[in-house]
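*Asks:*
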Amino acid sequence: MAAGVDCGEGTSARQHVFLVPEYLKDASKKMKSGLMFVKLVNPCSGEGAIYLFNMCLPQLFEIKVFKEKNHSWFINESVQSGGLLHFATPMDPLFLLLHYLIKADREGKFQPLDQVVMDDVFPNCILLLKLPELEKLLRHVTEEKEIDKKKYYKYSKEKTLKWLEKKVNQTMAALKTNNVNVGARVQSTAFFSGDPVSSDKEEDYIRYAHGLISDYIPKELSDDLSKYLKLPEPPASVPNPPSKNPCHCKMYYGLLSHDLASLLCSRLANCLL
Numbered sequence: 084m085a086a087g088v089d090c091g092e093g094t095s096a097r098q099h100v101f102l103v104p105e106y107l108k109d110a111s112k113k114m115k116s117g118l119m120f121v122k123l124v125n126p127c128s129g130e131g132a133i134y135l136f137n138m139c140l141p142q143l144f145e146i147k148v149f150k151e152k153n154h155s156w157f158i159n160e161s162v163q164s165g166g167l168l169h170f171a172t173p174m175d176p177l178f179l180l181l182h183y184l185i186k187a188d189r190e191g192k193f194q195p196l197d198q199v200v201m202d203d204v205f206p207n208c209i210l211l212l213k214l215p216e217l218e219k220l221l222r223h224v225t226e227e228k229e230i231d232k233k234k235y236y237k238y239s240k241e242k243t244l245k246w247l248e249k250k251v252n253q254t255m256a257a258l259k260t261n262n263v264n265v266g267a268r269v270q271s272t273a274f275f276s277g278d279p280v281s282s283d284k285e286e287d288y289i290r291y292a293h294g295l296i297s298d299y300i301p302k303e304l305s306d307d308l309s310k311y312l313k314l315p316e317p318p319a320s321v322p323n324p325p326s327k328n329p330c331h332c333k334m335y336y337g338l339l340s341h342d343l344a345s346l347l348c349s350r351l352a353n354c355l356l
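Counted the way our numbering counts, the sequence shown spans residues 84 to 356.
1) Hey, out of Pro206, Pro215 and Ala256, whose CA is closest to Leu177's CA?
2) For Leu308, which residues in the same chain have their Cβ closer than 8 Å to its Cβ, ignoring the five residues on either side in sequence?
3) For a quick check, are the C-beta atoms of Leu217 and Leu179 less than 7 Å apart?
4) Looking at the unbroken beta strand (DSSP E) that takes in Tyr238, where does it start and where does it end?
5) Go through the region 201 to 262 residue by residue and report every complete run of the beta strand (DSSP E) that reaches 3 residues or more, in order.
6) Can you tell me where the alpha helix (DSSP H) with Phe178 in it begins and where it stops?
7) Specify the secondary structure class of Gly294 as computed by DSSP and reduced to three states.
8) How would you write the range of the beta strand (DSSP E) that Lys310 sits in, first residue to last?
9) Can you give the Cα-Cα distance for Asn264 and Val148, rounded to whole angstroms?
10) Taking the beta carbon of Arg222 as the centre, do at least 16 other beta carbons fall within 10 Å, making it buried, or is it exposed?
11) Could you tell me how far apart the beta carbons of Lys192 and Lys237 are, in whole angstroms, since I believe they sit closer than 8 Å?
12) Which residue from Lys242, Leu196, Pro315 and Glu226 puts its Cα closest to that of Lys213?
13) Can you check the region 120 to 161 for any beta strand (DSSP E) of at least 3 residues that lies completely inside it and give the ranges in chain order?
14) Leu168 bridges to which residues according to DSSP?
15) Identify which residue in Arg290, Lys302 and Gln198 has its Cα closest to the Cα of Glu316.
16) For Asn207 and Glu226, what's the separation of their Cα atoms in angstroms?
17) Taking Gln198 as part of the alpha helix (DSSP H), name the residues at either end of that continuous run.
18) Is Leu314 helix, strand or coil when you go by DSSP?
19) Using the Cβ count rule (16 or more neighbours within 10 Å means buried), how would you classify Thr172?
20) What's the gap between the Cα of Tyr106 and the Cα of Asp202?
21) Give me whichever residues DSSP pairs with Leu118 in a beta bridge.
22) Using a 10 Å radius around the Cβ and a threshold of 16 neighbouring Cβ atoms, would you call Ser239 buried or exposed?
23) For Glu145, is the classification buried or exposed, using 16 other Cβ atoms within 10 angstroms of its Cβ as the cut-off for buried?
24) If His169 sits next to His99, beta carbons under 8 Å apart, how far is it from one beta carbon to the other, in whole angstroms?
25) Measure from the alpha carbon of Leu258 to the alpha carbon of each residue in Ile230, Cys127, Asp287 and Tyr235, then state which is nearest.
26) Pick from Leu220, Asp306, Tyr235 and Lys310: whose alpha carbon is nearest that of Gln198?
27) Considering Cα atoms alone, identify which of Lys150, Leu181, Ala132 and Glu160 is closest to Gly166.
28) Identify, in the order they occur along the chain, each residue of the same chain with its Cβ nearer than 6 Å to the Cβ of Ile185, setting aside the five sequence neighbours on each side.
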């Protein structure tokens, strides 16, 4: 799906190519502003990032970018340079909610969610409160109290680490199913391989999956998760796994073909739900 973006007065609108799930194609037709691009906090870096909201469901998507050199897109009667391909992949909103829950935990008290998810810099964060089954999601990472029929929440590190461990295990399963070779012998240019998964140690998969999940959580929580998973410090000769780098996914997708990047985006996105 191509989307026009105004580049300013006197400049023709620049268009971008997005690869989105099939069911999103008609979302804008069903209701006004069915698909909405919003700037929200990146839960890893704390900086701003662009996300996509499907207001019909509603549902949250993160935007990943695949880039190849010397590529352009032919869109209708125009040529768009750059050749960027944007992936909209489903994302578990709990990763974004964690950012606010951890921040609110500094006060050390139970609070209603609408007082926790507040942000002057990213005011669209209130859209997170419209997502379905929110209370069910919060049980994975919070303690809960009910007073006068109103729910109050407090961040729980113990519950969060258990939840993140499940995410790591789901990511490991996706990596193995897709024969992604994560062994230390693999160079970045051969990131995606059809080699048998048995050639990699279990620890390699745990470490790599931990790195992928760490792109969605603060560094301190990533370090706590590493200890919770009992991950030993990697030897100096072993390349560092991807972690604590908001641009990690963009970097590695740039090494894959369109088809393989699409497959990996799809498979790993399911682990974030």
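We put the CB at the ideal spot given by N, CA and C, even for glycine.
*Replies:* This is what the structure gives:
1) Looking up residue 177 in the sequence shown gives position 94. Ranking the options by Cα distance to Leu177, first place goes to Pro215.
2) By one-based count along the sequence shown, residue 308 stands at place 225. Taken in chain order, the residues that qualify are Leu244, Leu247, Glu248, Val251, His293, Ile296, Ser297 and Ile300.
3) Counting from 1 along the sequence shown, the entry for residue 217 is found at position 134. Counting from 1 along the sequence shown, the entry for residue 179 is found at position 96. Their beta carbons are not under 7 Å apart, which means Leu217 does not touch Leu179 by this criterion.
4) The sequence position of residue 238 within the sequence shown is 155, counting from 1. Tyr238 -> beta strand (DSSP E) spans Lys233 to Tyr238.
5) 225 to 230 and 233 to 238
6) Taking the sequence shown and counting its residues from 1, one reaches residue 178 at position 95. Phe178 -> alpha helix (DSSP H) spans Leu177 to Ala187.
7) For the purposes of this step, residue 294 is taken as the residue at position 211 of the sequence shown. In this structure, Gly294 counts as helix in the three-state DSSP scheme.
8) For the purposes of this step, residue 310 is identified with residue 227 of the sequence shown, where counting begins at 1. Where Lys310 is concerned, there is no enclosing beta strand (DSSP E), although the alpha helix (DSSP H) it sits in stretches over Lys302 to Tyr311.
9) Along the sequence shown, one-based indexing puts residue 264 at 181. Along the sequence shown, one-based indexing puts residue 148 at 65. Whole-angstrom Cα-Cα distance: 22 Å.
10) Looking up residue 222 in the sequence shown gives position 139. By the 10 Å Cβ count, Arg222 comes out exposed.
11) Counting from 1 along the sequence shown, the entry for residue 192 is found at position 109. Counting from 1 along the sequence shown, the entry for residue 237 is found at position 154. Indeed, because the Cβ distance is near 7 Å, the residues count as touching under 8 Å.
12) Counted from its first residue, the sequence shown places residue 213 at position 130. For the residues Lys242, Leu196, Pro315 and Glu226, the minimum Cα distance to Lys213 belongs to Leu196.
13) 131 to 137, 142 to 149 and 155 to 158
14) Here the question's residue 168 lines up with position 85 in the sequence shown. Leu168 pairs with Val100 and Phe149.
15) For this step, residue 316 is matched to residue 233 along the sequence shown. Looking at the Cα atoms, Arg290 is the closest of the given residues.
16) One-based indexing of the sequence shown puts residue 207 at position 124. One-based indexing of the sequence shown puts residue 226 at position 143. Taking the straight line joining both Cα atoms gives about 25 Å.
17) In the sequence shown, counting from the first residue as 1, residue 198 sits at position 115. Per DSSP, Gln198 belongs to the alpha helix (DSSP H) from Leu196 to Val199.
18) Walking along the sequence shown from the start, residue 314 turns up at place 231. Looking at Leu314 - three-state DSSP - the assignment turns out to be coil, as it is neither helix nor strand.
19) Here residue 172 is taken as the residue at index 89 of the sequence shown, counted from 1. It counts as buried.
20) Here the question's residue 106 lines up with position 23 in the sequence shown. Here the question's residue 202 lines up with position 119 in the sequence shown. Distance between the alpha carbons of Tyr106 and Asp202: 31 Å.
21) Position 35 of the sequence shown, counting from 1, holds the residue named residue 118. Note: Leu118 sits in a beta bridge opposite Asn137.
22) On the sequence shown, position 156 is the one that residue 239 refers to. The residue is buried, with at least 16 neighbouring Cβ atoms inside 10 Å.
23) Along the sequence shown, one-based indexing puts residue 145 at 62. Per the 10 Å Cβ criterion, buried.
24) The sequence position of residue 169 within the sequence shown is 86, counting from 1. The sequence position of residue 99 within the sequence shown is 16, counting from 1. Contact flag correct, Cβ pair sits at about 6 Å.
25) Against the sequence shown, residue 258 aligns to sequence position 175. Nearest C-alpha to Leu258: Asp287.
26) Taking the first residue of the sequence shown as 1, we reach residue 198 at position 115. The candidate whose alpha carbon is nearest that of Gln198 is Tyr235.
27) Start at 1 with the first residue of the sequence shown, and residue 166 comes out as number 83. Nearest C-alpha to Gly166: Lys150.
28) For this step, residue 185 is matched to residue 102 along the sequence shown. Closer than 6 Å at the Cβ level, and outside the excluded window around Ile185, lie Tyr238.
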